[in-house]
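Chains A and B are the protein sequences, given in the same order. First residue of the first sequence? That's 14 in this note's numbering, and the numbers climb one at a time after it. First residue of the second sequence? That's 14 in this note's numbering, and the numbers climb one at a time after it. In this text, a Cβ means the ideal position worked out from N, Cα and C, and glycines have one as well. Okay, structure first, notes after.
There are 2 protein chains.
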Amino acid sequence: MEIYDLSERKRRILAAIIESYIDTAEPVGSKALAEAAGLGVSSATIRNEMAELKELGWLEQPHTSAGSVPSSRGYRAYVDYLMQRYHVSEQESKRTQAFLESRVAELERLIAEAGKLISELSGYPSLTMTPKRSGVAIRHINLVPVDPYQFVLVLVTSEGTVKNNLCRTRQPLPTELLYEITELLNRRLAGVELSQVSVMEIAQLRRSLGEFEFVLQPVLQIIHEAAMAMENPEVILGGEGRLLEQPEFRDIGRMKEFLDFLQDNEARRQVLSPAEGHEGITVTIGQEHPLEQLRDSSVIMGNYRIGDRPVGVIAILGPTRMDYPRVLGQFEYFTNGLNRLLQELFEPPDQ
Amino acid sequence: MEIYDLSERKRRILAAIIESYIDTAEPVGSKALAEAAGLGVSSATIRNEMAELKELGWLEQPHTSAGSVPSSRGYRAYVDYLMQRYHVSEQESKRTQAFLESRVAELERLIAEAGKLISELSGYPSLTMTPKRSGVAIRHINLVPVDPYQFVLVLVTSEGTVKNNLCRTRQPLPTELLYEITELLNRRLAGVELSQVSVMEIAQLRRSLGEFEFVLQPVLQIIHEAAMAMENPEVILGGEGRLLEQPEFRDIGRMKEFLDFLQDNEARRQVLSPAEGHEGITVTIGQEHPLEQLRDSSVIMGNYRIGDRPVGVIAILGPTRMDYPRVLGQFEYFTNGLNRLLQELFEPPDQ
DNA sequence: GATTAGCACTCTTGTGGGCTGAGTGCTAAC
DNA sequence: GTTAGCACTCAGCCCACAAGAGTGCTAATC
């Protein structure tokens, strides 16, 4: 039974129930609905319609003498066909624009900020996957002396991402020597892909460095870390405190369980898995999500892209009773802007 | 009335009550106490003693027919005189040692990690103030080209801290030129204190740069940011989810109120204010803390030092009903180790 | 004089009954 | 097809009541 096989009136009733439930988190009764939504029919009629909607699986009843609550299927129909488009408010649009114009150029930072903002705008926690890009190369390595026993190792990638580490040595390293090593490292490694730094090169470098071979260790370490970060993206959770506002998390045990589940990076990645290899915005509602732990939650997620390549995911997490029109509207507006910005920043037309 | 004016037995009873309350979060009655704690006296005797302890303000009663609960003053006496020293477990000691040997050399990262670990060990949220140091100078500035329209700006301080920013330009910047600018910047700025970058120098630099003056803007920006970070430390909150385990935060409204209060960096700084200018470990219990919002919480805090100069604060936050022996023991062990490490890392004997 | 047994009294907490009101489901009339 | 009407259901609330833990006091005991 598809949603468009239902009568217009049934659809309107279904939408009205969902909206009321989203608003109040209380099961919706026929009488209240007859009064509130101007459908022009009596509660008895609505009751009959509701009975059918229940039979067909669009609605559920927490117990016999209670009002109705949307089923996952009901929400799905609402999201896909019934809901009205939401237009972002001026204030929301302003904040989004301000963010997009802030011109944070480094991709990772930009995405981190994006996660914060979308969580603030929507009022729900956000998940952001750090960008995963292949073919990232070493652009530049720099060893900056801090004092005779310390130097800072700075690695700049072809992406403009910087990794750095403060290193200590047992023996003093003359400044001059550090510069020489810097030059040597750059001659050998600049332009090489992070994941392609080969055993041969390392062996060669080791030989060239002679007694200062130990400098190599932190360098390899940081290259390895940078490569790992590119290959194994982290998923960052933000704004989780906002869940406390949701009545479905009034139970502290449930809240804790949910947060504990989200502690693990692997779990967070799995939360976002439905978005991977999927164009546009993906919404999973309740049981639709493969993860058992999300059976009462909905996830709105979308890839962010550079050129045509999706490089990461950004998402909002909330109870199934989410304010879909508002949040989806905000999310769409926001991710469109974000993708446009990324396009502009990372794929300039003249390249 | 000082604690040592009380009879030995009263003190033992007080300690037993506090320990039981810390353990169970339930008011302690005379009967239960007589059975559990092997004091060798009847509940009636304990009752009489408890009545006196209440009169003298060491205990409180939530309502007439309930057991006793320690007052702030009671906890204070417990912490200062009554409690038994706790010896960190092998596992705790191992984890602490592993952390201290991990040799994260950069101060800010080290402190951030320290906050995470102490929160994990103690089971309470932690607050860590980022190090505040004066006299930090620019060690090195580097502009690394990423593509013709982008370069990475890297600032290394005399502390070994790295700040970086990816910058975009409207006009292409030849690599050669970037190197020249880098050299110029270093000639003029290396060694200068962050807060002392003067208007004169800037004006001079501007003139020297001519049409490439625009490069100066992000440089000044990042110097400013780095200087601000040194002067205005941030206080980082971690492990706040662990509060959910505490029965005093079973009420979601209270939890939310508390977290909201801790959102603000200024508020977080004020939480740590009692530790400033105070040697060793500072404990504030309940109303002792100047902040009204902490009337039901205790804070364990201590400065971390470099040489003799305290440069920041690390703290644990919990309900007044905290496991003081355990947490104080862990905290002491941990901060001692941390300070030793900082001493070793940042004040080598041969300097 | 300190300790303890005993007891009346207090107050929270848990439980069950009854009531209320929102809500359903059905029937019969419109 | 719609609606009015009505019986029925059930969660939530209020209340009363009992249980239990605890105090505080008194009088007996060591």
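What does the alpha-carbon distance come out to for the pair residue i and residue j?
i                      : j                      : result
residue 38 of chain A  : residue 101 of chain A : 23 Å
residue 77 of chain A  : residue 268 of chain B : 35 Å
residue 73 of chain A  : residue 34 of chain A  : 12 Å
residue 364 of chain A : residue 284 of chain A : Residue placement at residue 364 of chain A cannot be trusted, given a pLDDT of 44 that sits under 50; the coordinates are not used to answer.
residue 337 of chain A : residue 92 of chain A  : 7 Å
residue 51 of chain A  : residue 79 of chain A  : 22 Å
residue 183 of chain A : residue 226 of chain A : 13 Å
residue 169 of chain A : residue 157 of chain B : 8 Å
residue 306 of chain A : residue 274 of chain A : 8 Å
residue 87 of chain A  : residue 246 of chain A : 34 Å
residue 220 of chain B : residue 197 of chain B : 12 Å
residue 243 of chain A : residue 261 of chain A : 36 Å
residue 22 of chain A  : residue 316 of chain A : 36 Å
residue 202 of chain B : residue 162 of chain A : 23 Å
residue 249 of chain B : residue 277 of chain B : 10 Å
residue 29 of chain A  : residue 59 of chain A  : 11 Å
Identify the continuous beta strand (DSSP E) that holds residue i and give its terminal residues.
i                      : result
residue 328 of chain A : 322-332
residue 41 of chain B  : Careful: residue 41 of chain B lies outside any beta strand (DSSP E) and carries neither H nor E.
residue 235 of chain A : Unbroken run through residue 235 of chain A is the alpha helix (DSSP H), 229-244; no beta strand (DSSP E).
residue 313 of chain B : 310-319
residue 140 of chain B : 139-142
residue 249 of chain A : 248-251
Assign residue i to one of three DSSP states: helix, strand, or coil.
i                      : result
residue 203 of chain A : coil
residue 161 of chain A : coil
residue 290 of chain A : coil
residue 147 of chain A : coil
residue 86 of chain A  : helix
residue 152 of chain A : strand
residue 101 of chain A : coil
residue 171 of chain B : coil
residue 73 of chain B  : strand
residue 304 of chain A : coil
residue 364 of chain B : In this predicted model, residue 364 of chain B has a pLDDT of only 44, less than 50, meaning its place in the structure is not dependable; the value taken from the coordinates is given anyway. In the structure shown, residue 364 of chain B sits in coil (DSSP, three-state: anything other than H, G, I, E or B).
residue 54 of chain B  : coil
residue 117 of chain A : coil
residue 166 of chain A : strand
Buried or exposed: residue i, going by 16 or more other Cβ atoms within 10 Å of its Cβ?
i                      : result
residue 89 of chain B  : buried
residue 164 of chain A : buried
residue 40 of chain A  : buried
residue 81 of chain A  : buried
residue 17 of chain A  : exposed
residue 32 of chain B  : buried
residue 96 of chain A  : buried
residue 47 of chain A  : buried
residue 343 of chain A : buried
residue 12 of chain A  : Residue 12 of chain A lies beyond the residue range present for chain A, which begins at 14 and ends at 364; the question has no answer from this structure.
residue 333 of chain B : buried
residue 299 of chain B : buried
residue 188 of chain A : exposed
residue 63 of chain B  : buried
For the alpha helix (DSSP H) that residue i lies in, which residues bound it at each end?
i                      : result
residue 220 of chain A : 212-222
residue 269 of chain A : 265-274
residue 181 of chain B : Run containing residue 181 of chain B: none in the alpha helix (DSSP H); it sits in the beta strand (DSSP E), 175-181.
residue 350 of chain A : 337-359
residue 79 of chain B  : From DSSP, residue 79 of chain B is part of no alpha helix (DSSP H); its letter is neither H nor E.
residue 254 of chain B : Residue 254 of chain B -> no alpha helix (DSSP H), and no H or E assigned at all.
residue 283 of chain B : 278-285
Do residue i and the ligand ATP come close, with the Cβ less than 7 Å from some heavy atom?
i                      : result
residue 169 of chain B : Ligands displayed in this structure: none; no statement on the ligand ATP is therefore possible.
Could you tell me whether the segment 215-224 of chain A touches the segment 166-173 of chain A, where touching means 3 or more Cβ pairs closer than 8 Å?
In short, these stretches do not touch, since the Cβ pair count stays below three.
Within 8 Å, do at least three Cβ pairs link the segment 288-300 of chain B to the segment 249-268 of chain B?
no
Does the structure place the segment 339-349 of chain B close enough to the segment 134-151 of chain B that three or more beta carbon pairs sit under 8 Å?
The segment 134-151 of chain B is in contact with the segment 339-349 of chain B.
For the structure I just gave you, are there three or more beta carbon pairs, one from the segment 228-238 of chain B and one from the segment 246-258 of chain B, closer than 8 Å?
no
Using 8 Å as the cut-off, can you tell me whether the segment 195-210 of chain B makes contact with the segment 142-153 of chain B, which would need three or more C-beta pairs spanning the two stretches below that distance?
yes
Would you say the segment 110-129 of chain B touches the segment 319-337 of chain B, given that touching needs at least three Cβ pairs under 8 Å?
Cβ pair count under 8 Å is three or more, so yes.
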